[in-house]
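Note that our numbering has the sequence shown beginning at 408, numbered continuously upward.
What follows is a set of notes on a single structure, which appears directly below.
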Amino acid sequence: MNHFMLPLWNGEGLPTPKYGSIAMERLLERVLHSGCQQNYLVAKVFGGANISETTNGAFLIGDRNTNIALQTLKEWRIPVVSADLGGKLGRKVIMNTLTGDVLVSKNAQASQSSQGI
408 MNHFMLPLWN
418 GEGLPTPKYG
428 SIAMERLLER
438 VLHSGCQQNY
448 LVAKVFGGAN
458 ISETTNGAFL
468 IGDRNTNIAL
478 QTLKEWRIPV
488 VSADLGGKLG
498 RKVIMNTLTG
508 DVLVSKNAQA
518 SQSSQGI
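Structure follows, in structure tokens:
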């Protein structure tokens, strides 16, 4: 599971998983290293809320995070089987790692603390 805050690492500082481009690569590496085969993988994608009041495209971090996640999955040919994306409300995501079932709730309080995917 990833939860990143910004879409792309710009090469400055540490390449941490708070950046979508880094988080996606690391997650795939670890999943494949654990023995999974990429052609059997599916994705569930949640988040991408734009909680800022601005309408400037550069500051729509939620949209940019969503785009990097979906584009990366498309490039890797990993199908998205479930998604709840965008809007202005943050989400709380609970995943059962045994079954893959996901519960998602939206609320205004969560949007104050998170924009990630």
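Glycine included, C-beta positions come from ideal geometry on N, C-alpha and C.
Tyr447, buried or exposed, once every other Cβ within 10 Å from all chains shown has been counted against 16: Here the question's residue 447 lines up with position 40 in the sequence shown. The C-beta of Tyr447 has fewer than 16 other C-beta atoms within 10 Å across all chains shown, which makes the residue exposed.
CB of Leu480 within 7 Å of CB of Ala450, strictly: Working through the sequence shown from its first residue, we reach residue 480 at position 73. Working through the sequence shown from its first residue, we reach residue 450 at position 43. Contact check for Leu480 against Ala450 passes: the beta carbons are separated by less than 7 Å.
Neighbour-count burial assignment, Met431, 16 or more Cβ in a 10 Å radius: As a first step, residue 431 must be located in the sequence shown, where it is residue number 24. Answer is buried; the Cβ neighbour count reaches 16.
Asn514 in three-state terms, based on DSSP: As a working note, residue 514 is residue 107 in the sequence shown. If DSSP states are grouped into helix, strand and coil, Asn514 belongs with the strands.
Cut-off 6 Å between Cβ atoms - residues of its own chain near Ser459, not counting five sequence neighbours on either side: As a first step, residue 459 must be located in the sequence shown, where it is residue number 52. Contacts found: Phe466.
DSSP bridge partner residues for Val500 (one or two, in chain order): Position 93 of the sequence shown, counting from 1, holds the residue named residue 500. In DSSP, Val500 forms a bridge with Val511.
Residue closest to Met408, alpha-carbon to alpha-carbon, out of Asn472, Leu496, Arg471, Val452: Here the question's residue 408 lines up with position 1 in the sequence shown. Cα-wise, what sits closest to Met408 is Val452.
Alpha-carbon to alpha-carbon, Asp491 and Phe411: Walking along the sequence shown from the start, residue 411 turns up at place 4. Walking along the sequence shown from the start, residue 491 turns up at place 84. In a straight line, the C-alpha of Phe411 is about 16 Å away from that of Asp491.
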